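There are 2 protein chains.
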Amino acid sequence: MHRGEPLLIYETEVAADWIDYNGHMNDAAYALVFSRALDALMDRIGLDAAARKASRRTVYTLQVMLHYFKGTSQGEALFVRCRLLEHDDKRMRVWLEMQAGREGASLAASEQLLISVDQGGTSARAAPWRAETKAALDALANAQRGLEVPPLAGRGVALKRKQAPP
Amino acid sequence: MHRGEPLLIYETEVAADWIDYNGHMNDAAYALVFSRALDALMDRIGLDAAARKASRRTVYTLQVMLHYFKGTSQGEALFVRCRLLEHDDKRMRVWLEMQAGREGASLAASEQLLISVDQGGTSARAAPWRAETKAALDALANAQRGLEVPPLAGRGVALKRKQAPP
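Chains as they are written, first to last, in numbering that gives the first Met the number 0: chain A, 0 to 165; chain P, 0 to 165.
Below, the structure written as structure tokens:
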């Protein structure tokens, strides 16, 4: 990872069955790509499949915001970069941005809130990150310190824009 | 439709391939269900497949917020109800709520901003609703007048809650 840059975490291409009646990638397929990108982030912070099985720790998604900037079509290469906006002892808020190709136009962004969950007991419950995950998140936050917060971060859905879009 | 009630627009059940490694419906599958519910709303406002083809009008999704309240598992019946929060001459902001069964627990909610698009020219562009769609939206807004705005409407993603959740 390069210091002060969003982290490239996922690459894919637009599948044929993601195309809707408008000829563009369906809105729900963007959510699928961002979900897979989040899985790729988990692999990097000590929450890959083997670690989840061994530790009974996982994450649950609490909130997801999707901003759609531009349509895309079948076969287009998609690159997803991540920045960690903030985290505490059991939650993280991340910003994912999808580009057409490695350096192409920004297609969409997703802000997500995730919570650490322990599935080891009789019922799943929120639990602090394991030390390995906390250390990975601290390292990522440190590496990305100084990155500007995306202007759309924290924004909800609004019919009338309060400020000019970026 | 009953006056002053959210409109039941879509029913489905949790498919086997929507289940993730946590044993619950995957976060992106919620987005898929809400996307299909929005298609069902389009069918009711003069934007079904035949009307889209004849008029070259469609909608594009601009923003989607997803709030995850509760997990669900394979085979569970899902009911999605809709309320129209606001609309103008070419946009609409809707609130979709997913329940387990007809009267069961609230599983998730989605707030969405959509824009009317004319695909008839050389390039797609934003365009006012057709009269039929505008009349249907006005009628829906009128029927739902007086419904309380959901407390989470307009909210963005936040790690720290500003108010107590509903």
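Backbone N, C-alpha and C fix where the C-beta goes; we use that ideal spot for every residue, glycine too. It should be emphasised that the depicted structure is a prediction, and the values quoted were computed from it without experimental measurement.
Exclusion of the five residues before and after P/His86 leaves Leu136 as the residues of its chain whose Cβ lies within less than 6 Å of its Cβ.
Contiguous alpha helix (DSSP H) elements confined to the stretch 17-98 of chain A occur at 26-43, 48-54, taking only those with 4 or more residues. Identification of chain P residues near A/Ser34 by a Cβ-Cβ cut-off of 8 Å yields Asn25, Asp26, Ala27, ordered along the chain. If you look at A/Glu110, you'll find it in the beta strand (DSSP E) that goes 105-117. Setting aside the 5 residues that flank it on each side, P/Ala104 is surrounded in the same chain by Phe68, Lys69, Gln98, each with a C-beta closer than 8 Å to its C-beta; the list follows chain order. For A/Leu6, the enclosing beta strand (DSSP E) starts and ends at 6-12. Relative to the Cα of A/Lys89, the nearest Cα in the group A/Ala76, A/Asn25, A/Trp17, A/Val116 belongs to A/Val116. Interface with chain P (8 Å Cβ-Cβ cutoff): A/Arg55 is excluded. DSSP lists no bridge partner for P/Ala123. If you ignore the 5 residues before and after P/Ile44, its C-beta comes within less than 7 Å of the C-beta of Thr132, Ala135, Leu136, all in its own chain and listed in chain order.
For the 8 Å CB-CB criterion, A/Gly3 and A/Leu146 form a contact. Here the stretch 109-127 of chain A makes contact with the stretch 142-158 of chain P; the two share three or more CB pairs at distances below 8 Å. Among the residues of chain P, those whose CB is under 7 Å from the CB of A/Thr60 are Asp26, Tyr67, following chain order. At least one beta carbon of chain A lies nearer than 8 Å to the beta carbon of P/Leu158. Rounded to the nearest whole angstrom, the CA to CA distance from A/Arg144 to A/Asp42 is 22 Å. The three-state reading of DSSP puts P/Glu147 in coil, since its state is none of H, G, I, E or B. P/Glu131: member of the alpha helix (DSSP H) spanning 130-142, first to last residue. Between the stretch 6-20 of chain A and the stretch 72-81 of chain A there are three or more inter-stretch CB-CB distances shorter than 8 Å, so the stretches are counted as touching.
Using a 10 angstroms sphere on the CB of A/Asp26, the tally of other CB atoms reaches 16 or more, which defines it as buried.
For chain A, the residues of the stretch 110-131 of chain P that bring a beta carbon within less than 9 Å of one of its beta carbons are Glu110, Gln111, Leu112, Val116, Gln118, Ala123, in chain order. At least one beta carbon of chain A lies nearer than 8 Å to the beta carbon of P/Gly155. Not a single CB atom of chain P sits nearer than 8 Å to the CB of A/Asp42.
Cβ contact annotation for P/Ala39 (same chain, cutoff 6 Å, sequence separation greater than five): Ile8, Tyr9, in chain order.
Looking at A/Ala140, A/Leu151, A/Ser122, the one whose alpha-carbon comes closest to that of A/Pro5 is A/Ala140. Within chain A, the residues Leu158, Lys159 have their CB atoms less than 9 Å from the CB of P/Asp87, given in chain order. Here P/Ser72 is exposed. Its C-beta has fewer than 16 other C-beta atoms within 10 Å. Closest in C-alpha terms to A/Leu95, from the list A/Glu75, A/Met64, A/Gln118, comes A/Met64. In terms of CA proximity to A/Ala142, A/Leu83 leads the group A/Leu83, A/Glu102, A/Leu106, A/Ser122.
Taking 8 Å as the CB threshold, A/Met64 lines the interface with chain P.
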